[in-house]
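Have a look at the structure below before the remarks.
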Amino acid sequence: MSNIYIQEPPTSGKNLKPLSCICGLIFTQVLMKTSAGEIDIELWSKETPKACRNFTQLCMEGYYDGTIFHRVVPEFIIQGGDPTGTGTGGESIYGRPFKDEFHSRLRFIRRGLVAMANAGPHDNGSQFFFTLGRADELNNKHTIFGKVTPLK
Numbered sequence: 001m002s003n004i005y006i007q008e009p010p011t012s013g014k015n016l017k018p019l020s021c022i023c024g025l026i027f028t029q030v031l032m033k034t035s036a037g038e039i040d041i042e043l044w045s046k047e048t049p050k051a052c053r054n055f056t057q058l059c060m061e062g063y064y065d066g067t068i069f070h071r072v073v074p075e076f077i078i079q080g081g082d083p084t085g086t087g088t089g090g091e092s093i094y095g096r097p098f099k100d101e102f103h104s105r106l107r108f109i110r111r112g113l114v115a116m117a118n119a120g121p122h123d124n125g126s127q128f129f130f131t132l133g134r135a136d137e138l139n140n141k142h143t144i145f146g147k148v149t150p151l152k
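Counting along the sequence shown from 1, when you hit position 130 you're at 130 in the UniProt record's numbering, and nothing is skipped either side.
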């Protein structure tokens, strides 16, 4: 397992512009700046190293800059991460879709979880979503790699 995402220095955030969705890495946290405000995300890199590395590297490369949340399902999810804004685009840092990472302690039991969106098993790219409530039907279908935390 690579630890490169832990060794990379945090960004200062000085160059971030408030577009639709911009990320800056802060240790094991990602501060996402959106047109509706900031979202602080705690990453679970021990349980889901591939998903966390993919997400943080895409953030640091500016991949999500200017993207939109293209899918909003009330009381279910808010989805983003597609540079085309259609829900059909996106890619991973690995050059191909990467495998799901499921962990027995990570379940869709509450609001504020962050997970990879996919079109089927082992088809993870750049798209992700936030849960807006409990979503048991998503367990063992989508990799949960973090949670929304209160802004400090």
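All C-beta atoms, glycine included, are put in the ideal place defined by N, C-alpha and C.
Since residue i and residue j should fall inside the 8 Å C-beta cutoff, what is the C-beta to C-beta distance between them, to a whole number of angstroms?
i: Arg111; j: Leu132; result: 6 Å
i: Ile78; j: Asn54; result: Contact doesn't hold; Cβ gap of about 19 Å is too wide.
i: Glu42; j: Lys152; result: Going by Cβ atoms, the distance from Glu42 to Lys152 rounds to 11 Å, so no, they are not a contact pair.
i: Thr86; j: Ala115; result: Not really, about 20 Å apart at Cβ, beyond 8 Å.
i: Thr48; j: Phe145; result: 4 Å
i: Gly90; j: Ser126; result: 4 Å
Helix, strand or coil: how does DSSP classify residue i here?
i: Lys99; result: coil
i: Gly90; result: coil
i: Leu132; result: coil
i: Leu138; result: helix
i: Ser104; result: coil
i: Ala117; result: strand
i: Gly85; result: coil
i: Ser45; result: coil
Which residues bound the alpha helix (DSSP H) around residue i?
i: Lys50; result: 49-60
Identify the residues that DSSP records as bridge partners of residue i: which are they?
i: Glu75; result: Bridge partners of Glu75: none, in fact.
i: Ile39; result: Met32
i: Gly80; result: Phe128
Looking at the unbroken beta strand (DSSP E) that takes in residue i, where does it start and where does it end?
i: Thr149; result: 144-149
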